[in-house]
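Heads up: the structure comes next, in structure tokens.
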Amino acid sequence: MKLRNRLVRSATWERMADERGHLTPRLEQTLLRIAEGGVALIFPGYAFVTAQEQPNPGMMGIHDDACVPGLRGMTDEVHERGAVIGLQMVYGGSLTNYRPEGRLIWGPSAVTHPLTGVTPQAMSHEDIAALVEAFALAAGRAQRAGFDCVQLHSSHGYLLSQFLSPVFNRREDDYGGSVQNRCRIHLEILAGIRQELGENYPVLIKINCEDFIPGGLTATDSLEACRLLDQAGISGIEISGGMRTKDPETFFIKPHILKPEQQCYYCPYAAEVAQKVSAPVILVGGNRDALMLQNILDDTAISYFSLSRTIISEPDLVNKWREDPTHKPRCLACNKCFDPEGHICILDRKQS
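Residue numbers (the numbering used here): 716 to 1067.
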């Protein structure tokens, strides 16, 4: 997988897919504008992998073969614009308030989510095996749909990150306790995808550096999980952090980060991981200054940088940086782009 630069559009739920999780013209045009804007690798918003489990509205799916044809046309268009595109795959678990009544919601343990109030059903070994297979089959669909890679979403409180977090994972079997056990489902999913698609198809992961909640995943345990995944052949590691709770301090999208010292807020964690693994490490979180990113690239082993809010505001930001590395993004880091009608910069919404 060859990239034209070191800048990535981090997976961001756009709220633009239809009720079935299928691509819409609006979502397709959003992604094509990003491809035209100069980023190397695009991750659309996370895609759900099982038909019964859509954690959020307007979310894309990769849960059945009917998703593939529309996505194939879009990925072809992205490639024509010089970018590559991956698909982030997720099982949401108890981090959902979207139609939870009457549907099966799995979790590592039956722990009520502090934000949503949803209590999941603790997964049996048979449930885990079924989910591992669902991820592998979803990756196969992603490949057939023209995606250049897939990424496992193991951040922010969704199911895979819950398995890593002692707050949510209270199991006493092979999937709980030690980091090796808490990471077991990740390793099994990676192995399942390799069995489905071979060793050469890239599989990345987005993982918390810490949960930043009492009793949650620590930086030490996260680093150990990254080393286990690296030894198993993961193709890339995107370092994020934080959980969705009622405490805004745990939120992973930090607002009002206009000062340089507030930016690139997961850099110390990502730099440490990058020293200890052979897989490329991607830094996400407050990446707003091209010159600062160049300094991080020069001074650490971090390989790539993910952007989201700045790309929502300026899809062509990377092209602007190519012309003028001192260009300051117009994004205010106000987080008001995350709107129920679809993620649109508030400056564009005001203009319209």
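Here a beta-carbon is modelled for each residue, glycine too, at the ideal position from N, C-alpha and C. Here the structure is a predicted model, which means the values were calculated and not measured.
Judged by DSSP in its simplified three-state form, Asn-896 adopts helix. Taking 3 residues as the minimum length, the beta strand (DSSP E) runs contained wholly in the region 796-884 are 799-805, 864-869, in order along the chain. A contact is defined here as three or more CB-CB pairs under 8 Å, and the region 896-916 meets this definition with respect to the region 861-869.
Lys-921 counts as buried, since at least 16 other C-beta atoms from the protein chains shown sit within 10 angstroms of its C-beta.
Of Asp-945, His-1058, Lys-974, the smallest CA-CA separation from Ala-994 is found for Asp-945. With a contact defined as Cβ atoms closer than 8 Å, Gly-891 and Asp-926 miss out at about 16 Å.
Taking a contact to require three or more Cβ pairs closer than 8 Å, the region 740-757 and the region 789-809 qualify as touching. Going by beta carbons, Ala-1048 and Pro-983 fall outside the 8 Å limit.
Counting C-beta pairs with one atom in each stretch, the region 840-847 and the region 769-785 have fewer than three that are closer than 8 Å, which means they do not touch. Counting only the Cα atoms, Trp-821 lies some 45 Å from His-1042. In the structure shown, the three-state DSSP call for Ile-1059 is coil. In the three-state scheme derived from DSSP, where H, G and I count as helix and E and B as strand, Tyr-916 is classed as coil.
Residue state for Ser-955 is assigned as strand, using DSSP reduced to three classes. Ala-755 carries a coil assignment under DSSP once its states are collapsed to helix, strand and coil. When secondary structure is reduced to three states using DSSP, Ile-997 falls in the strand class. Distance from the CA of Asp-733 to the CA of Asp-1013, rounded to the nearest whole angstrom, comes to 42 Å.
Here Tyr-806 is not near Leu-912, since their CB atoms are 8 Å or more apart. A check of alpha carbon separations from Gly-1000 across Leu-718, Arg-721, Asn-720, Ser-725 identifies Ser-725 as the nearest. With a cut-off of 8 Å on Cβ pairs, the region 972-982 is not in contact with the region 929-937, counting fewer than three such pairs. Note that the C-beta distance between Ile-949 and Val-918 is below 8 Å. Distances from the CA of Val-833 to each of His-840, Glu-816, Gly-801 were compared; the closest alpha carbon is that of Glu-816.
Counting along the chain, Arg-724 sits inside the beta strand (DSSP E) bounded by residues 722-724. Nearest Cα to Ala-766 within the set Pro-759, Ile-777, Ile-757, Leu-756: Ile-777. Where Ser-1018 is concerned, there is no enclosing beta strand (DSSP E), because DSSP gives it neither an H nor an E.
Here Ser-893 is exposed, its C-beta having fewer than 16 other C-beta atoms within 10 Å. Approximately 7 Å separates the beta-carbon atoms of Cys-782 and Gly-736; this is inside 8 Å, confirming the contact. When secondary structure is reduced to three states using DSSP, Asn-1010 falls in the helix class. Within the model, the alpha-carbon separation for Ser-809 versus Thr-827 is close to 8 Å. Classified as exposed, Gln-895 has fewer than 16 neighbouring CB atoms from the shown chains inside 10 Å of its CB.
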